[in-house]
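Novice:
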Amino acid sequence: MGGAGSQLSKELLSEYQELTFLTKQEILLAYKKYAELLPKEERSTALSVRIPKAKIVTLPEMKANPFQDRICRVFSTSENQDDSMSFEDFLDMLSVFCDSATPEIKSHYAFRIFDFDDDGALDKRDLENLVNCLTGEAEGTKLSASEMEQLIQNILEESDIDKDGTINLSEFQHVISRSPDFVSSFRIVL
2 MGGAGSQLSK ELLSEYQELT FLTKQEILLA YKKYAELLPK EERSTALSVR
52 IPKAKIVTLP EMKANPFQDR ICRVFSTSEN QDDSMSFEDF LDMLSVFCDS
102 ATPEIKSHYA FRIFDFDDDG ALDKRDLENL VNCLTGEAEG TKLSASEMEQ
152 LIQNILEESD IDKDGTINLS EFQHVISRSP DFVSSFRIVL
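Counted from 1, the sequence shown has number 159 at position 158 by this note's numbering; the numbering is strictly sequential.
As structure tokens, then:
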């Protein structure tokens, strides 16, 4: 086994298959993509090297994603909180975004990505950030203050079951369960 698989032992590959929703082929492809983000001299040690967020977001699968910063933040286990990723962080991310991941797992991570202030609830500020990520903040696409306020009110009316002014994880998952295209759109394909 040359090239991409040379650093992944059969045991490690099996362990990654058990711990993720990825197939053996997807894990090997993920390793190849991850290693290619490293300078040539570091590729042989890819399993022990963290890749900076600035490199991760250059992947075609991440480049156009309006949530790239939040995705890196949520999946990074960096103690420096620099949003860099280890290979296992990278695999975790790809596992959540793959077609085989369960709707519960996908909605849990979507909630974490959309919870911009990491407080465990989607409040008006999180929803505003979410809408701005989706619509863009350029002059032609940004919603007016009144449009934003109306949209957030509509979202809360539809989603805030306990009427506390925020959307918690179970309320979010309830809304997502009624959205048939969420699972198919919440994905990254290598």
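Every residue gets a Cβ at the ideal spot worked out from N, C-alpha and C, and that includes glycine.
Just so it is clear, the structure is predicted and the values come from calculations on it, not from any experiment.
Are at least three pairs of beta-carbons, each pair with one atom in the region 54-61 and one in the region 83-98, less than 8 angstroms apart?
Specialist: The region 54-61 vs the region 83-98: in contact.
Novice: Over the uninterrupted alpha helix (DSSP H) stretch that includes Glu-150, give me the two end residues.
Specialist: Counting along the chain, the alpha helix (DSSP H) containing Glu-150 begins and ends at 146-160.
Novice: Which one or two residues does DSSP pair with Met-86 in a beta bridge?
Specialist: Paired residue(s): Ile-52.
Novice: Taking only three categories from DSSP, how would you classify Leu-14?
Specialist: It is helical.
Novice: Looking at the structure shown, is Ile-189 part of a helix, part of a strand, or coil, going by DSSP?
Specialist: It is coil, neither helix nor strand.
Novice: Between which two residues does the alpha helix (DSSP H) containing Asp-70 stretch?
Specialist: Run containing Asp-70: 69-76, per the alpha helix (DSSP H) assignment.
Novice: With C-beta atoms as the reference, is Arg-126 less than 9 angstroms away from Phe-115?
Specialist: Not a contact, by the Cβ cut-off of 9 angstroms.
Novice: Thinking C-alpha only, which one of Tyr-35, Val-50, Ala-65, Ala-122 is nearest Asp-165?
Specialist: Closest by alpha carbon: Ala-122.
Novice: Give me whichever residues DSSP pairs with Leu-38 in a beta bridge.
Specialist: Answer is none; Leu-38 lacks a bridge partner.
Novice: If you draw a straight line from the alpha carbon of Val-50 to that of Leu-38, how long is it in whole angstroms?
Specialist: If I take the Cα positions, the gap works out to 11 angstroms.
Novice: Look at the alpha carbon of Phe-112 and the alpha carbon of Gln-151, and state the distance between them as a whole number of angstroms.
Specialist: Roughly 21 angstroms between the two C-alpha positions.
Novice: Of all the CB atoms in chain C, is at least one closer than 9 angstroms to the CB of Asp-116?
Specialist: Here chain C cannot be found, since the structure has a single protein chain.
Novice: Tyr-35: which of Phe-91, Glu-159, Ser-160, Leu-128 sits nearest, CA to CA?
Specialist: Considering only alpha carbons, the answer is Phe-91.
Novice: Around the Cβ of Gln-69, are there at least 16 other Cβ atoms within 10 angstroms (buried) or fewer (exposed)?
Specialist: Gln-69 is buried by the Cβ-count criterion.
Novice: In terms of alpha-carbon separation, which member of Lys-25, Tyr-32, Pro-104, Asp-163 lies closest to Ser-186?
Specialist: When each option's Cα is compared against that of Ser-186, the closest is Pro-104.
Novice: What is the DSSP secondary structure of Leu-123, reduced to helix, strand or coil?
Specialist: In this structure, Leu-123 counts as strand in the three-state DSSP scheme.
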